[in-house]
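Counting in this note's numbering, the sequence shown runs from 1118 upward without gaps.
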Amino acid sequence: MSSILRSIPRVFYKGYERLLTQEVKNEHVPRHVAIIMDGNRRYARKLGHLSSFGHKIGADVTEKVLEWSCELGIEHLTIYAFSTENFNRSDDEKDKLFDLIRVKFDQIGVDERTHERKMRVHAIGDIEKLPLNLRESIRNVELVTSAYDKFNLNVAIAYGGRQEIVQAVREIASKVEAGELDPQDINEDTISGHLYPCGSTALPDVDLIIRTGGDERVSNFLPWQANGSECAAYFCAPFWPEFRKIDFLRSIRVYQSRMKEKHINTSTRAAHFLKYLGKAEIEEVRQHSRTHV
């Protein structure tokens, strides 16, 4: 009897998951989703384990999110793997985390699912600050997947949003000084084109940013790409290792709800504009008629 009772929540969960999946698929899905995978260390501490345990379980969840994203038809997934601020952590934690990330990059390169999904992998950030063996793994997986374009996994590593903009400004200033670029020609596309590249192109604007772990902030993550597009944001309480498919689906639904509201507001304003424009034009005709009678 107790086993039956325990199975009931699982049955309800799977049913709710299928319902959410169908609802989400019936609407437009975001092209680019970015995730701040927060809470690995706190999850490990909660269970009495070292931080490395939380990072390992979190990496397994990341693989699931890749699957869910491909299932929904999302084109770009950008994950925040390691920030510039994370360099302040202990050498032991950094070494273990870098080793885990290196192994995952190597596995992606030989995983049949990578090639079935036509998944292109790219790292964005100050890659030269990373250990040599990790840089080699990054270069290898980028090369192996360079011909794919159906799904894009962008890994933000040694990444800081303000730093990204600073280095872009420096590159633009150098080109202006060298006479390669006219200051009058600098626009938003110029800046986007000098940010950390996604292959040979700029990273597209973010449609939805997700953060786990309970904090409601974006922590210097893709400020240009996210704020410029006024993307939707979804903050949730579960630590990253606890992140479930229904959490992911709920985040997509938040994006879809925002798009509906935005469309309704735009349509309403357009209708009001036409309504009052019509009144103004009628009054103008009347005034003109009176003047010329």
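Just so it is clear, CB atoms sit at the ideal spot from N, CA and C, and this is done for glycine as well.
Being a predicted model, the structure only gives us computed values, none of them experimental.
Inter-residue CB distance, residue i and residue j (contact presumed, cutoff 8 angstroms)
i	j	result
residue 1331	residue 1354	5 angstroms
residue 1286	residue 1198	Contact flag wrong, Cβ pair sits at about 25 angstroms.
residue 1338	residue 1153	6 angstroms
residue 1169	residue 1213	5 angstroms
Cβ shell of residue i (< 6 angstroms), same chain only, five flanking positions each side left out
i	result
residue 1150	1191, 1194, 1325
residue 1309	1319
residue 1313	1241, 1281
residue 1340	1278
residue 1268	1187, 1234, 1236
residue 1311	1285, 1288, 1289
Local Cβ density within 10 Å of residue i, reported as buried at 16 or more and exposed below that
i	result
residue 1133	exposed
residue 1206	exposed
residue 1328	buried
residue 1296	exposed
residue 1283	exposed
residue 1389	At residue 1389 the pLDDT is 49, less than 50, meaning the model places this residue with poor confidence; the figure from the coordinates comes in the next sentence. Flag for residue 1389 reads exposed.
residue 1147	buried
residue 1129	exposed
residue 1264	exposed
Same chain, Cβ closer than 8 angstroms to residue i, five either side skipped, listed in chain order
i	result
residue 1266	1235, 1237
residue 1141	1189, 1366, 1369, 1370, 1373
residue 1229	none
residue 1233	none
residue 1085	A query on residue 1085 cannot be resolved here, the shown segment of the chain reaching from 1118 to 1410 and no further.
residue 1300	1293
residue 1160	1171, 1174, 1175, 1356, 1357, 1358, 1359
Best match in the options for proximity to residue i [C-alpha to C-alpha]
i	options	result
residue 1127	1218, 1155, 1363	1363
residue 1246	1283, 1261, 1276, 1229	1276
residue 1145	1372, 1273, 1248	1372
residue 1231	1292, 1348, 1259	1259
residue 1187	1270, 1210, 1341, 1375	1270
residue 1279	1336, 1167, 1135, 1185	1336
residue 1209	1303, 1167, 1185	1167
Cβ shell of residue i (< 7 angstroms), same chain only, five flanking positions each side left out
i	result
residue 1254	1219, 1222, 1223
residue 1155	1328, 1329, 1330, 1332, 1357
residue 1292	1298
residue 1248	1215
residue 1376	1145
residue 1185	1362, 1365
residue 1177	none
residue 1303	1289
residue 1378	none
residue 1262	1231, 1236, 1237, 1238
residue 1252	1244
Contact test: residue i Cβ vs the ligand ADP heavy atom, cutoff 8 angstroms
i	result
residue 1210	By its list of ligands, the structure shown contains no ligand whatsoever, and the ligand ADP lies outside what it can speak to.
Sub-9 angstroms separation of residue i and residue j beta-carbons
i	j	result
residue 1066	residue 1366	The first residue shown for the chain is 1118 and the last is 1410, placing residue 1066 beyond what the model contains.
residue 1288	residue 1241	no
residue 1165	residue 1358	no
residue 1203	residue 1175	no
residue 1243	residue 1307	no
residue 1322	residue 1343	yes
residue 1226	residue 1257	yes
residue 1217	residue 1173	yes
residue 1360	residue 1182	yes
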